[in-house]
Every structure is written in structure tokens, then in C-alpha cells.
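Protein chains in written order, with our numbering: chain A, 1 to 373; chain B, 1001 to 1373.
Glycine included, each C-beta is placed from N, C-alpha and C at the ideal position.
Quick notes on the structure that follows.
2 protein chains.
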Amino acid sequence: MYAAHTSLTRSFETRFLSAQRVATMIAAKGLAACLADMAACIESDFRRWEAFDKCARVASHSAQGVIELMPIADQQLYAFKYVNGHPLNHRLGLSTVMAFGVLADVATGTPLLVSELTLTTALRTAATSALAARLLARPGSRRMALIGNGAQSEFQALAFHRLLGIDDFRLYDVDPAATGKLLANLASMGLRGTVCRDAREACTGADIITTVTADKTRATILTGDMIAPGMHINAVGGDCPGKTELHPEVLSRSQVFVEFEAQTRIEGDIQQMSADFPVTELWQVLRGARPGRRNASEITVFDSVGFALEDFSALRFMRDLAEELGVADSLSLIPALDDPRNLFGYLPAAEPLRDRPAARPGHLPDTQYRVAM
Amino acid sequence: MYAAHTSLTRSFETRFLSAQRVATMIAAKGLAACLADMAACIESDFRRWEAFDKCARVASHSAQGVIELMPIADQQLYAFKYVNGHPLNHRLGLSTVMAFGVLADVATGTPLLVSELTLTTALRTAATSALAARLLARPGSRRMALIGNGAQSEFQALAFHRLLGIDDFRLYDVDPAATGKLLANLASMGLRGTVCRDAREACTGADIITTVTADKTRATILTGDMIAPGMHINAVGGDCPGKTELHPEVLSRSQVFVEFEAQTRIEGDIQQMSADFPVTELWQVLRGARPGRRNASEITVFDSVGFALEDFSALRFMRDLAEELGVADSLSLIPALDDPRNLFGYLPAAEPLRDRPAARPGHLPDTQYRVAM
């Protein structure tokens, strides 16, 4: 290691929330309370839909997966999320989805917060699912099929328990070990699950079906014959081009609700349908501008892909929770300058050296600098 | 403050380079050597142009400025930069341009490095300018006009000194205090500058003209009558829609070179010209596929806007320099999971509580959790 910082250098402090810090913050407040309050944050931001400068996410695809940036801003705050999706990562002991994000000040461009978003994304996805289901599922819903028992599944179960009172979970995953893990985690929360032998059995008698599978492929998790009148389908796993979970017949028999239509047409299960397939944006239902569920026999689908606005809300929530809990971690990301035009002056003082020849023939001897400290 | 992390939580470490750390690293290696080596990095990446998945940057404009994300990737590494541009920030004691960036692993999506890029951007912009000028300026160039004496100007001067042997700087800024600051900083490096009373005087007899002004407007820093045959113009400040520095006549009399044509048509000085105005991309000249300067009387322009590939190279350079210097700072950004499907298990252990009523009427009592630690 070399010499420490000089006293000349200062920096703006950007608040920092590590993965461990966020885990501890969630535990301190309680996961269920976090899910409920985050859903309230997301709802309040969706209600002021026009206030946001929105765009589809910017994706970089490779053979192994995708890396995406998801920016969004209102008049005060700019947010973006970095998130990957690599379905084979588990073979390397890595998560399929890893994320972090930033809140910045629109007026000056100063980054205000850098936060982990792997855990936070799991919460915000589940909170958004439960928020949508509260508008769209039949009142009195009790039983939910949970197909796909991976990293998202506990958060989905707890969000639906907390926001809708769901207390009967029917579990299925192609990998029985995943279901075993989910069952044990549900038990640790005092929630009851029933292991089913296939997706069809899980769906039988369910009020709500949540699909949250991870294959980057056109899977058909749900077919038309598994769906009964009055069901609500929370389709979470079909979330990028070429990755779907629902048979088109399920969609054509349903009222379909989306987060941000322009993005869902590309990434959601409705990528299988024609460009004029009718959908309703969630914010319209939240504001009462368009109906949600209209009767007890209608089938409703929330075709969830994850939208930057949810991460904006989640980052706001985490910033406020850190404030409430007195978390003071920070990063020195931006130089603080006495004179903003004197960036050069931020470098530790240097002494000119004239003892080296020019690197390139035909050029003058150059000036080298040695740190004076 | 609340309780510390439990021993249950671990995380992947992402290398972290703070603003102070990067300042110290640059001083340790020497600024001139950093500029030269970074130019070599940028050159080698530009030479493998087709290896990169490129796109124009994603900008969020507001009344006060712009916040941008600049992603790029090859088969191994993904990089992005966050950067703002807020011309009035100096009134608040803040920098016009603040930046940070990330390197990630394409195969798994794991973030490998988070680094400050405010200082680093100043170096990479200057290194790219000097790299272009080495191809385009007349051999034997000695005198450079430097118009705009703000945060970028020292880095431009030193890069041109180091890579081209420029040792006669003619300085002009609308604000004499900026010129005074630059003159003092040049002197501290053993470089000589002459203060000029206007841009015209600075340009008279110059071999190279560098314009690096900051107004977010259609300024006309250079007009046709200030330009003489054989000059090279390094136009750095015209770098977003509505922000230009050169009179169209200067462009129409010149051979114009750009970084990435699709982006420069929108952001560069050539935004003033018709869509078919001929330009050459820098990588084509570096690879010998297209000519640079063809004779001693031609006027050449490098219409620089800053391209994500330069930040990719700069991040690689900083990663390698940190390695070389033994810098070991890191961040806990991503949870490390024993079972990647058990993200829930990353939360500190909780005890179910059944003592709270439901938040919403008609729902069942919910389960609350309290941290057991």
C-alpha cells in the first residue's frame, strides 16, 4: 500500500447503503412492514404518473444474460438502477439477479445515495405485485398458487399475506429443493404452505396464481385449462424479450394490466400478442381513471416486468428508512473543490521533474511530477 | 444508531476508488504519465471498434442541466458512466461536471469496480483530444490556443505537452480569474502560457486551437476569419444538443473527425450541419482505413463530444493502476448467498410476532417480525 490521502483533498459525501446494511435495516423495521410501506411509496409515485420523465430500460444482451440500466426522474430526483439477469448464475453460486442504484439531485446532478438493490428489488417487485393484486384480485381471496420457488418467492408470499391476507400457499417448482427451502422459510414466518406435484395441482382452487420462474425462454407455465373464472394471475417471471410464462390463450381470456405499456409490449408476456392487444396501465386504475376488476368471474392478469418508477420509489423508501434509523454510512464519490473551475488543484501537490527524456522521438522532453508528501 | 451487522451476512466485494483515492493514485504515477498511458488504452480500444456493443448515451434533461448514462460493452466487460452537466453549478460551489462509473463482468453481471470519474473524465477527455491531435495536427506543432480556461484546461495543456510536445500556450477566457488560475497551474508544472485579450489574439499564429468552453448555448467561439490554413481545431466544449462553439463556416472549410458519428450528429458542433455533411470516425484513421490530415494546408477539426468507449478505457486504466499500486478499497454492494435461491435467508433471523391487528379492514391479522439479535 502507498501513502494515505493528503489533507488537501476533500469530497462530497454520498450516502451509501451496503447489502449488509440494507438487510439489517429491513430486519430492524420488519420485513412485512417494509413491504407494506414500500407498496404505499410505489402507489403514491404511480399516482403522480405524469410527473416522471420515463423511458424503456437500456439493455445490453450477451449469450449468458442481460445487463440493464433503468433511469427515471421527476422534477426533484433522478434515479437509476443497474440490474443483471443471468439465469445460469446459480451454477456458479451467484444470484440470477444482482442490482444497485443511485438517487441524484436533478437541480445540480449531485449523486445523493448509492444503494444495494438486490434485496430491495425483491421487496419492490413483491410490493408492486401485491399492490396490483389488491386492486385486481377478488375481495376475500385466501389461496395463492406460487409457481417458481426461487429467490423472489418468500417476498411474494409475505407481501400477499400482509397486503391481502393470503394465508394458504400452494407451492410448485421444477426443483423440489427450491420448494423445500420456501416451505422452511414460510414456516419461520409462521406461514403455511402446501407442496404440490405440478403447476396444475397448485392452481386448482386458487384465488390468485403467482408465476415467478427464471428460465430465459418461452416457457408455458400456465395454459388455458388451468385457469378458472375469477382468478387473478400475477405473472412476474416473463420479463424480457423471449422470456414468457403464459400461454396466449390465458392472455386472450383475461383483462391484462401492465406497469408501463411501451416497455411491457417488448418485455412482458404480451410480447406474444398483437400490438393492439388491449391493456390497462396500473396507474390508471389507482387513480380511478379506468376500471380494475369489474366482476367476480372476470380473469385478471398483472403482466409485471418491473419498471424504473418502482425502483425510484424503493430508493426513496430506503433513503428515508436510513434517515429514520440514523444510518450514516457514506462514500467519497465526488471531489469537493474550493474553486469548481480548479479541478487540477484537487490533485496532491506535485514537483516538476526535468530528468526524463521524451517518450516519443521528435517531441520535447516532458515534465514529470512526483508527489510531494 | 442501531445494531451492527450480524455474522450471517456476507457480501461480494466490489473494488471501490473514491475521488480522493484516484487523486492520490494519479499523483503517485504522475499526471503526465497517466495521460500518456490512458491515451494508449483509449487507442487500443478504438482499434478494436467492432468488438463493442455501442449506443448513444441516455440523457435526462432539465431546466438546469442534464444527467446522462453512457453504457458500452465488449465480450468480457460492461461499463457505464453516470455524468451530469450543469453550467450554473459553479454559483453553488459545485462542479459543472461530476461523474462516476462501473465496470462489470459480462458473463455473470457482477459489478467489479465502482470508481469516481470526475477527475478521470478530465484525464480521458484530454487524452482523447491529444490522441486525435497526434493524428491530425501538423507535425512540429508547437503553439496551442486554449480558449476556455475552466476545469478541463490544465489537463488539455498537459496532454498536448506530453503527447505532442506543445510548449507555447495562448490563453483566453471571458473570465480573467479563470485564466489566472490556469496560468498559475501551468507554471506549477513548468509550462509557459501567454494571456491574450480575446479569442482572436489567442488564435493568431497557433498551430492548434482548443475550445473548451462551458456555456449551454449556441456560442460562436471561432469564426472563419480566425482560422488559418494548416490549423488543427480541437473542439471539446460543443457536446450536447443546443451547445456549439464553431461557426458553420469553420466546419465547412475543414475535414471533420468524430468519435462515434451517430452520437456526434446529435451532440457535436456538426449538429449545425446537414445530415450528410462528411465526417470520418477516429478509429478509421487509427487503423489506417481512412486518411487523417492529407497535407500541411488542410484545416482539421476533432469534433469531440466524449464517447462511452473512452470511459470504458479509462475505467480499465484505473482498475489496472489500482492493482499496480496495491489499492484494496472495496464496497459491499452485492449479497453473497450460500444458496443463490435463498435471498430471504440473507436477512438477519427474525421471530414471528402475532400481536398486531391488520392494517386494512377485512384482512386477516398479519405477521410481524422483530430482529432477534
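Positions along the segment 1038-1056 of chain B whose CB lies within less than 9 angstroms of some CB in chain A: Asp1053 and Cys1055
Beta carbon of Ala322 of chain A nearer than 8 angstroms to that of Asp207 of chain A: no
contact_flag[the segment 1172-1185 of chain B, the segment 1226-1236 of chain B] where n(CB pairs < 8 angstroms) is 3 or more: no
Per-residue contacts from Ser1062 of chain B into chain A (C-beta, under 7 angstroms): Val106
Straight-line gap, Lys1243 of chain B to Asp1303 of chain B (C-alpha atoms, nearest Å): 12 angstroms
Whole-angstrom distance between His1161 of chain B and Leu1191 of chain B, CA atom to CA atom: 9 angstroms
Neighbourhood of Val285 of chain A by C-beta, 8 angstroms cutoff - its chain only, sequence neighbours within 5 removed: Leu135, Leu136, Phe257, Pro291 and Gly292
C-alpha gap between Ser1129 of chain B and Val1236 of chain B, whole angstroms: 8 angstroms
Interface flag, Asn1295 of chain B vs chain A, CB-CB below 8 angstroms: no
Backbone secondary structure at Val212 of chain A - three-state DSSP: coil
DSSP three-state assignment for Met1025 of chain B, whether helix, strand or coil: helix
Beta-carbon proximity of Ile221 of chain A to Thr211 of chain A, cut-off 8 angstroms: The Cβ atoms of Ile221 of chain A and Thr211 of chain A sit closer than 8 angstroms to each other.
Closer than 7 angstroms: Leu1094 of chain B CB and nearest the ligand COA heavy atom: This structure does not include the ligand COA; it has no bound ligands of any sort.
Residues that Asp1339 of chain B contacts on chain A, provided the C-beta gap is smaller than 8 angstroms: Lys181
Contact set between Gly93 of chain A and chain B, taken where Cβ atoms lie within less than 9 angstroms: Ala1336, Leu1337, Asp1338, Asp1339 and Pro1340
Rounded straight-line distance, which links the Cα of Ala36 of chain A to that of Arg1360 of chain B: Bear in mind that the predicted position of Arg1360 of chain B carries a pLDDT of just 36, short of 50, making it too unreliable to give a figure here.
Straight-line Cα distance separating Leu123 of chain A from Asn185 of chain A: 16 angstroms
Nearest neighbour of Ser1332 of chain B, chosen from B:Ala1059, B:Ala1177, B:Leu1113 and B:Lys1081 [CA to CA]: B:Leu1113
Residues of its chain near Val1058 of chain B, where Cβ-Cβ distance is below 7 angstroms and the 5 sequence neighbours each way are ignored: Around Val1058 of chain B: Glu1068 and Leu1069.
Where Arg1047 of chain B falls, given that 16 or more other Cβ within 10 Å makes a residue buried: Residue environment for Arg1047 of chain B: exposed (fewer than 16 other C-beta atoms within 10 angstroms of its C-beta).
Nearest-angstrom Cα separation, counted from Leu1309 of chain B out to Glu1201 of chain B: 35 angstroms
Spatially closest choice to Ala104 of chain A from A:Leu347, A:Phe12, A:Glu324 and A:Leu158, by CA coordinates: A:Phe12
Beta bridge counterpart(s) of Gly1326 of chain B as assigned by DSSP: For Gly1326 of chain B, which the question treats as bridged, DSSP gives no partner whatsoever.
Ser1297 of chain B - DSSP class collapsed to helix/strand/coil: coil
Sub-8 angstroms separation of Cys203 of chain A and Leu171 of chain A beta-carbons: no
Exposure label - Arg1287 of chain B; buried when at least 16 CB within 10 Å: exposed
Same chain, Cβ closer than 8 angstroms to Ala107 of chain A, neighbours up to 5 away in sequence not counted: In chain order, Gln76 place their CB closer than 8 angstroms to the CB of Ala107 of chain A, counting only its own chain and leaving out the 5 sequence neighbours on each side.
Beta-carbon neighbours of Val174 of chain A, restricted to chain B and to distances below 8 angstroms: Simply none; closest approach about 12 angstroms.
Any chain B beta carbon closer than 8 angstroms to Val212 of chain A: no
Cβ-Cβ distance between Arg143 of chain A and Gly205 of chain A below 8 angstroms: yes
8 angstroms Cβ cutoff, Val285 of chain A in contact with chain B: no
7 angstroms Cβ shell around Phe1080 of chain B - same chain, five flanking residues per side excluded: Leu1069, Met1070, Pro1071, Gly1101 and Val1102
Beta-carbon gap between Gly1268 of chain B and Val1327 of chain B smaller than 8 angstroms: no
Contacts that Pro348 of chain A makes with chain C (C-beta to C-beta distance below 8 angstroms): This model lacks chain C altogether, as its protein chains are A and B.
Sequence ranges, alpha helix (DSSP H) only - wholly within the segment 1043-1119 of chain B, length at least 4: none
Touching by the beta-carbon criterion (3+ pairs, under 8 angstroms), the segment 1337-1347 of chain B and the segment 146-162 of chain A: yes
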